[in-house]
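Participant: Sending over a structure as structure tokens; questions will come in a sec.
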Amino acid sequence: MIEISTPDPRALVRWFPTGSPGPATIGEHVLATGIGRWWADRPVRPRTVAVSCAGHVVLRGNPEGLTPSVFAPLAGNRVEAPARFLPALGAAFDRLTPWERMIWTLQAAPQPATVSRAVTVRRLDPADTDAVRALHSDASWLWASWGGPRGLATSGHAWAAVGRTGRLLAVACTYFRGTGHEDVAVHTVADRRRHHLALACVSALCEDIASRGHTPSWNCSVHNRASRLLAWTAGFRLVREYVHFAAGSPVAHDRLSA
Numbered sequence: 000m001i002e003i004s005t006p007d008p009r010a011l012v013r014w015f016p017t018g019s020p021g022p023a024t025i026g027e028h029v030l031a032t033g034i035g036r037w038w039a040d041r042p043v044r045p046r047t048v049a050v051s052c053a054g055h056v057v058l059r060g061n062p063e064g065l066t067p068s069v070f071a072p073l074a075g076n077r078v079e080a081p082a083r084f085l086p087a088l089g090a091a092f093d094r095l096t097p098w099e100r101m102i103w104t105l106q107a108a109p110q111p112a113t114v115s116r117a118v119t120v121r122r123l124d125p126a127d128t129d130a131v132r133a134l135h136s137d138a139s140w141l142w143a144s145w146g147g148p149r150g151l152a153t154s155g156h157a158w159a160a161v162g163r164t165g166r167l168l169a170v171a172c173t174y175f176r177g178t179g180h181e182d183v184a185v186h187t188v189a190d191r192r193r194h195h196l197a198l199a200c201v202s203a204l205c206e207d208i209a210s211r212g213h214t215p216s217w218n219c220s221v222h223n224r225a226s227r228l229l230a231w232t233a234g235f236r237l238v239r240e241y242v243h244f245a246a247g248s249p250v251a252h253d254r255l256s257a
């Protein structure tokens, strides 16, 4: 795959249907924010097109006639693709690990979330950039889809539980912003879990998303019990399941041609 400039959104409709929850929001997010990359097997009349952001790739098109080495730039990402791509992807990487995923949408009222008076739940703003950056390194995934801590703080799409000292105790944000759905992500610092902070942040974010005329969505592993429980408590209900694949390292060219 080669990196290409941002395609005309009108030409992308046949590759990436819009307005649905789940992987479809990734391409819409990249188009709206410019954060991410577009790929194709060739610059003119491509047979295969992909979009990548925050370690996620959505791959579409026809793999017929493409050599496995074409997919090498997608190494290290989680790839969502039709089943027809699996033989080529399996030959392209030293491992291709399936991850079963669940897509939820907000369909019910959230359970009440009572937080301490010492905590304020509010929207993040640019002044919170350093506080976002101060989150533990295991939270770095949270701002990956916004290009970094400042991108998340200035996005207008993140809500946080903030302590009296200004420390961020929990953050919920739109991870991928689609035209009809906004995919929700949340992180709570380790010493403040089980204090209903994540639920409070998610509930505030969902109200904000609804005010934009969009539907909140949730995407998690079927094995992530904590995420599933939080989604249910926040009013999300299961819509469908799918599988994406964690791509390992590219297989060496001499092995591919042996």
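The sequence shown begins at 0 in numbering that gives the first Met the number 0 and counts up one residue at a time. Glycine included, every Cβ here is placed at the ideal spot set by N, Cα and C.
(1) By the DSSP assignment, the alpha helix (DSSP H) with residue 32 in it spans what residues?
(2) Who are the near neighbours of residue 254 in its chain, counting only those whose CB is closer than 8 angstroms to its CB and skipping five residues on each side?
(3) Would residue 77 pass as an interface residue toward chain C - the criterion being a Cβ-Cβ separation below 8 angstroms?
(4) Could I get the ranges of all uninterrupted alpha helix (DSSP H) runs contained in the region 185-226, with 4 residues as the minimum, in chain order?
(5) Hey, which unbroken runs of the alpha helix (DSSP H) at 4 residues or more fall wholly within the region 106-194?
(6) Quick check on residue 97: does DSSP put it in helix, strand or coil?
(7) Measuring only the C-alpha atoms, how far is residue 63 from residue 46?
(8) Looking at C-alpha atoms only, which residue of 109, 111 and 149 is the closest neighbour of residue 126?
(9) When the Cα atoms are used, what is the spatial distance from residue 7 to residue 143?
(10) Checking 8 angstroms against the spacing of the C-beta atoms, do residue 250 and residue 90 come in under that value?
(11) Would you report the Cα separation of residue 113 and residue 195, rounded to the nearest angstrom?
(12) How is the alpha helix (DSSP H) around residue 9 delimited, first residue to last?
(13) So, at 7 angstroms on beta carbons, what are the nonlocal neighbours of residue 163 in its own chain, with the 5 sequence-adjacent residues on each side left out?
(14) Out of 197, 182 and 128, point me to the one whose CA is closest to residue 189's CA.
(15) For residue 173, count neighbouring Cβ atoms within 10 angstroms of its own Cβ and tell me buried if that reaches 16, exposed if not.
(16) Taking only the alpha-carbon atoms, compute the straight-line gap between residue 86 and residue 246 and give it to the nearest angstrom.
(17) Would you say residue 103 and residue 235 are within 8 angstroms of each other, going by their C-beta atoms?
(18) Provide the residue span of the beta strand (DSSP E) that contains residue 237, from first to last.
(19) Please name the residue, chosen from 30, 170, 52 and 56, that lies closest to residue 81 on a Cα-to-Cα basis.
(20) Would you check if the distance between the CB atom of residue 37 and the CB atom of residue 243 is smaller than 8 angstroms?
(21) Rounded to whole angstroms, what is the Cα-Cα separation between residue 4 and residue 26?
(22) Is there contact between the region 65-76 and the region 222-231, where contact requires at least three CB pairs shorter than 8 angstroms?
(23) Looking only at its own chain, which residues have a Cβ that is under 8 angstroms from the Cβ of residue 257, when we skip the five neighbours before and after it?
(24) Which residues does DSSP list as the beta-bridge partners of residue 47?
(25) Please state the DSSP three-state secondary structure of residue 15.
Facilitator: Per the coordinate set shown:
(1) To locate residue 32, count along the sequence shown from 1; it is residue 33. Where residue 32 is concerned, the enclosing alpha helix (DSSP H) stretches over 23-32.
(2) Mapped onto the sequence shown, residue 254 falls at position 255. Only weak support exists for where residue 254 lies, its pLDDT of 45 falling under 50; the value from the coordinates is given anyway. For residue 254, where only same-chain residues beyond five positions count, there are no Cβ hits under 8 angstroms.
(3) No chain C is present in this structure, which holds just one protein chain.
(4) 196-210
(5) 128-132 and 148-153
(6) Mapped onto the sequence shown, residue 97 falls at position 98. Three-state result, residue 97: strand.
(7) Here residue 63 refers to the residue found at position 64 of the sequence shown. Here residue 46 refers to the residue found at position 47 of the sequence shown. Each residue's alpha carbon lies about 8 angstroms from the other.
(8) Sequence index remark: in the sequence shown, residue 126 carries index 127 (1-based). Nearest of 109, 111 and 149 to residue 126, Cα basis: 149.
(9) As a first step, residue 7 must be located in the sequence shown, where it is residue number 8. As a first step, residue 143 must be located in the sequence shown, where it is residue number 144. Computed Cα separation, rounded: 24 angstroms.
(10) Sequence index remark: in the sequence shown, residue 250 carries index 251 (1-based). Sequence index remark: in the sequence shown, residue 90 carries index 91 (1-based). Cβ atoms of residue 250 and residue 90: closer than 8 angstroms.
(11) Locating residue 113 in the sequence shown gives position 114, counting from the first residue. Locating residue 195 in the sequence shown gives position 196, counting from the first residue. If you take the alpha carbons of residue 113 and residue 195, they lie about 7 angstroms apart.
(12) Here residue 9 corresponds to residue number 10 of the sequence shown, with the count starting at 1. Element bounds for residue 9: 8-11.
(13) For this step, residue 163 is matched to residue 164 along the sequence shown. For residue 163, where only same-chain residues beyond five positions count, the Cβ hits under 7 angstroms are 117.
(14) For the purposes of this step, residue 189 is identified with residue 190 of the sequence shown, where counting begins at 1. Of 197, 182 and 128, the residue nearest in Cα terms is 197.
(15) Position 174 of the sequence shown holds residue 173. Classification for residue 173: buried.
(16) As a working mapping, residue 86 is identified with position 87 in the sequence shown. As a working mapping, residue 246 is identified with position 247 in the sequence shown. Taking the straight line joining both Cα atoms gives about 13 angstroms.
(17) The count along the sequence shown starts at 1 and reaches residue 103 at position 104. The count along the sequence shown starts at 1 and reaches residue 235 at position 236. Result yes, Cβ atoms of residue 103 and residue 235 sit closer than 8 angstroms.
(18) Translated into positions along the sequence shown, residue 237 becomes position 238. That run of the beta strand (DSSP E) goes 235-246.
(19) Along the sequence shown, read from residue 1 onward, the residue named residue 81 stands at position 82. For residue 81, the nearest C-alpha among the options comes from 56.
(20) The sequence position of residue 37 within the sequence shown is 38, counting from 1. The sequence position of residue 243 within the sequence shown is 244, counting from 1. No, Cβ-Cβ distance for residue 37 and residue 243 is not below 8 angstroms.
(21) As a working mapping, residue 4 is identified with position 5 in the sequence shown. As a working mapping, residue 26 is identified with position 27 in the sequence shown. Taking the straight line from one Cα to the other gives about 13 angstroms.
(22) no
(23) As a position in the sequence shown, residue 257 is number 258, starting the count at 1. Any answer about residue 257 is weak, because its pLDDT of 38 lies below 50 and its placement is not dependable; what the coordinates show is given next. Closer than 8 angstroms at the Cβ level, and outside the excluded window around residue 257, lies no residue.
(24) By 1-based counting over the sequence shown, the position of residue 47 is 48. The partner list for residue 47 (beta bridge, DSSP) reads 60.
(25) Residue mapping note: residue 15 aligns to position 16 of the sequence shown, counting from 1. The answer is coil: DSSP assigns residue 15 none of H, G, I, E or B.
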